[in-house]
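Residue numbers (the UniProt record's numbering), protein chains in the order written: chain P, 1 to 458; chain S, 1 to 458. Just so you know, even glycine gets a beta-carbon here, dropped at the ideal spot from N, CA and C. Heads up, the thing below is written out as structure tokens.
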């Protein structure tokens, strides 16, 4: 690996440029901005790096960029990433423009640099470095880069079903990855699922002078009452049946949770907070973080929200909610439960519009991809890797991997303060360079797992 | 009056131009736009119409434009109006730009044309017409035009105290006035009070990826729970003590309420609604509208409110609330009760910022100003005037009138679908011309009340 690592070091400026050029493209799927440019950029990069043109596999939404690189064994490792990013607002809180990547204090700042363009480019850079030093890839590689992860991967389940054979692999490196505050690499074995909905309440056909509020129904009050009916102040989600199907936590899960490290003090400090929700700490805090579902309000808006006073009775009110789900929960069933709950509580006229629906996923810790990843993380880090049974985040892992029998796990170039989905998103330059080396090492380590153990992992 | 009315008819284009020119000025106090231009316009109009320059009485905010015209008796009639208007948003719902007055289908459309530039200019036009036909004013006139009504007249109580003598009168024509759907003129004897507050909840020091929602407190959930604690689904305001000081409804009030007409079907039709709040109708509906306080959400905002999906845990949440108060309720006391209620329910960290605080006011129906107004409304309308004990709207009437012993009442050029505070605000051209005539007639009728009845009304 030394030769490859040295090559990566010598070419760090090139690989940083690959990344910052990519991050300069505002590929916000939610707003249909820069998506074609992002695909074009990937086309050019594959041409430059590997002299191939990736396929653009069409979906009902943005295409999946797909490429295969042949290796010497018949084993296949796949990389799942996405070329879309979150919107950049609140724009005014960015220190430098979100889509003008800026390197300062050893960090690269840009929307998407951590989530997930840094990982996507690091993987291509690793493959490039392996080939450039004259090594043959030990396994086949499949790159699966979608364009709708940040809007809920609505078309990916259909894609995964249609292209099940084409995208099949013996292990998948999932899109994200972070380091803890102490520098330890997180190895993540799964994701939470998600149901993302927009609720809308309507009142009169126009905004009214608020003097009318005594006799005209208010859609924003209705929405407030409806939201209040969903979760109580003890964070209990009140939708009947919501918790029923959750898979019990196994002894192995619980053991992993005990070993999983969450730096409470560092996290609170960084966020300017004095305590976690419900004053939780220790094992119970970790348990809620990793193993429990959420009901979060991502946004709410109604009426006059500008400066000063406006006395108005708004004509409509909207809220965006995300439910993070855990293994066993079916987003379709949760949606039906939500509708039923609203109807039963007098909110029949509040509409629900679904924008994302994904199941949770977890890979078992004895799979080749997991063991290879842990081995690499141990080689490259001076801290013991932090193994997370599933991250609290979401992605279409179930649909793309577990449902097709593909074990999946994840590490990557982000850090504990990467500010994903928030202003001033960033990664450390050194984590990025190290991340490239770790992916190169993982390709060989993954291959070794099969040589070592025969067909145990097949 | 015939000569004056004919003069008004002959000069209708002039008086319409006075109004549309004034409405072209975006005097939005909440945004400090066009306020100086509005004052300058009034200066020029007083110069054109009466060859006088009004005083600009300074306050801590925008000045009060004040002018006196001498009449032949020692009685004084005052006009209270405001030259500021509401913000124009939602801009996209206006058929023509809010500050480019447009006359179509017999209506003048512009922000502020009904609330309250139409009335302000109609009053000046009436005085102009009286003088132009060679008549002497029968009473002294005082014009009191403030610039902060739409932002809660925060500086008017201090102003009224300071200039109590200067602004004293025997009766005040209040700023607003409307016609019902059947064309009847509303004569209003009072206003509700108001407490307008902005509530703010804060969470982490930055927006976070919503995966964090399992363990980090959400300010928007906190705000939803806090709002929910303020009012239940039966419209009962839950703040302890809120209803305690309300003055009981007298037999006279109730009798007036019985005579007050609210066209339920027309109102519902116009608003595209099937029923009023709580399915109320008839006397109970009118009672709630006129005599009961409200707690309304004027606006709420937190997190991502754009198109599509963004999975974010917002770092703050804000709501704007107006409480419309009724006689007996003290906004300062309500504010203290609100603070105490939030504290007692676990919302100590939700901040309250007050932007408006006004008491309710009601004038007795046997005052000269009321009798004169009813007499004029009967002369000019073919429908019996609709007498409203107090309107459900708000203004600084208590501070400017009742607190100083000045009876006050109101009629004006608006209509039942004037869309005050809403897109496509308008008045009927004919109501405007008729309104000018009615103000001219009122000046004489008000004087007559004192001739007729000696000092009864003094």
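Cβ-based neighbour list, residue i, same chain, cut-off 6 Å, excluding 5 preceding and 5 following
i                      : result
residue 60 of chain P  : 155
residue 33 of chain P  : 26
residue 9 of chain P   : none
residue 357 of chain P : 195 and 331
residue 419 of chain S : 425
residue 114 of chain P : 414, 418, 420, 425 and 427
residue 200 of chain S : 318 and 351
residue 437 of chain S : 5 and 8
residue 128 of chain S : 49
residue 455 of chain S : Unreliable positioning characterises residue 455 of chain S in this predicted model, as indicated by a pLDDT of 47, which lies under 50. The coordinate reading is nonetheless provided below. Within the same chain, residue 455 of chain S has no close Cβ partners at all.
Neighbour flag for residue i against chain S, beta carbons, 8 Å
i                      : result
residue 27 of chain P  : no
residue 360 of chain P : no
residue 205 of chain P : yes
residue 156 of chain P : no
residue 151 of chain P : yes
residue 261 of chain P : no
residue 228 of chain P : yes
residue 438 of chain P : no
residue 258 of chain P : no
residue 472 of chain P : It is not possible to answer for residue 472 of chain P, since the shown part of chain P is limited to 1 through 458.
residue 252 of chain P : no
residue 320 of chain P : yes
Amino acids of chain S, ordered along the chain, whose beta-carbon sits closer than 7 Å to that of residue i
i                      : result
residue 296 of chain P : 210, 213, 218 and 313
residue 288 of chain P : 214 and 215
residue 118 of chain P : The premise fails here: residue 118 of chain P is roughly 15 Å from chain S at the closest Cβ pair, so nothing lies under 7 Å.
Beta carbon proximity, residue i to chain P, threshold 8 Å
i                      : result
residue 346 of chain S : yes
residue 33 of chain S  : no
residue 196 of chain S : yes
residue 18 of chain S  : no
residue 231 of chain S : yes
residue 421 of chain S : yes
residue 309 of chain S : yes
residue 59 of chain S  : no
residue 285 of chain S : yes
residue 190 of chain S : no
residue 520 of chain S : Summary: the structure shown does not reach residue 520 of chain S, with chain S confined to residues 1 through 458, and so no result is reported for it.
residue 448 of chain S : no
Chain S residues whose Cβ lies nearer than 8 Å to that of residue i
i                      : result
residue 292 of chain P : 214
residue 354 of chain P : Chain S residues near residue 354 of chain P: none, gap ~10 Å exceeds 8 Å.
residue 30 of chain P  : 306, 307, 308, 309 and 310
residue 324 of chain P : 210, 211, 213 and 214
Residue range of the alpha helix (DSSP H) that includes residue i
i                      : result
residue 282 of chain P : 282–291
residue 228 of chain S : 219–228
residue 30 of chain S  : Looking at the DSSP string, residue 30 of chain S is not in any alpha helix (DSSP H), and its letter there is neither H nor E.
residue 23 of chain P  : 12–23
residue 96 of chain S  : Neither: residue 96 of chain S is in no alpha helix (DSSP H) and is coded neither H nor E.
Beta strand (DSSP E) segment containing residue i, residue limits
i                      : result
residue 322 of chain P : 316–325
residue 201 of chain S : 193–202
residue 297 of chain S : 296–303
residue 182 of chain P : Careful: residue 182 of chain P lies outside any beta strand (DSSP E) and carries neither H nor E.
Cross-chain neighbours of residue i in chain P, by beta carbon under 9 Å
i                      : result
residue 280 of chain S : 215
Contacts around residue i, its chain only, beta-carbon distance under 8 Å, and the 5 residues preceding and following it disregarded
i                      : result
residue 315 of chain S : 202, 203, 204, 205, 206, 207, 208 and 219
residue 432 of chain P : 15, 16, 19, 108, 118, 122 and 413
Residues of its chain near residue i, where Cβ-Cβ distance is below 7 Å and the 5 sequence neighbours each way are ignored
i                      : result
residue 281 of chain S : 264
Chain S contact residues for residue i, given Cβ-Cβ distances below 9 Å
i                      : result
residue 276 of chain P : 215, 216 and 217
residue 299 of chain P : 220, 301, 302, 303, 304, 305, 306, 310, 312 and 314
residue 273 of chain P : 203, 204, 205, 216 and 217
Chain P contact residues for residue i, given Cβ-Cβ distances below 8 Å
i                     : result
residue 12 of chain S : Near residue 12 of chain S there are no residues of chain P at all, since even the closest Cβ is about 28 Å away, more than 8 Å.
Any non-hydrogen atom of the ligand ADP within 7 Å of residue i CB
i                      : result
residue 446 of chain S : As far as ligands go, the structure on display features none, and thus does not contain the ligand ADP.
Residues in the region 161–175 of chain P having any Cβ partner in chain S nearer than 9 Å
Of all residues in the region 161–175 of chain P, none is placed with a Cβ closer than 9 Å to any Cβ belonging to chain S.
Can you give me, in chain order, the residues of the region 365–396 of chain P that have a beta carbon less than 8 Å from any beta carbon in chain S?
Within the region 365–396 of chain P, the residues whose Cβ lies closer than 8 Å to some Cβ of chain S are 391, 392, 393 and 394, listed in chain order.
Along the region 67–97 of chain P, what residues have a CB closer than 9 Å to any CB found in chain S?
Along the region 67–97 of chain P, going in chain order, the ones with a CB nearer than 9 Å to a CB of chain S are 86, 87, 89, 90 and 93.
Please identify, using Cβ separations under 8 Å, the residues of the region 407–419 of chain P that lie next to chain S, in order along the chain.
Cβ contacts with chain S: 419.
Can you list, in chain order, the residues of the region 103–131 of chain P whose Cβ is nearer than 7 Å to any Cβ on chain S?
Residues passing the 7 Å Cβ filter: none.
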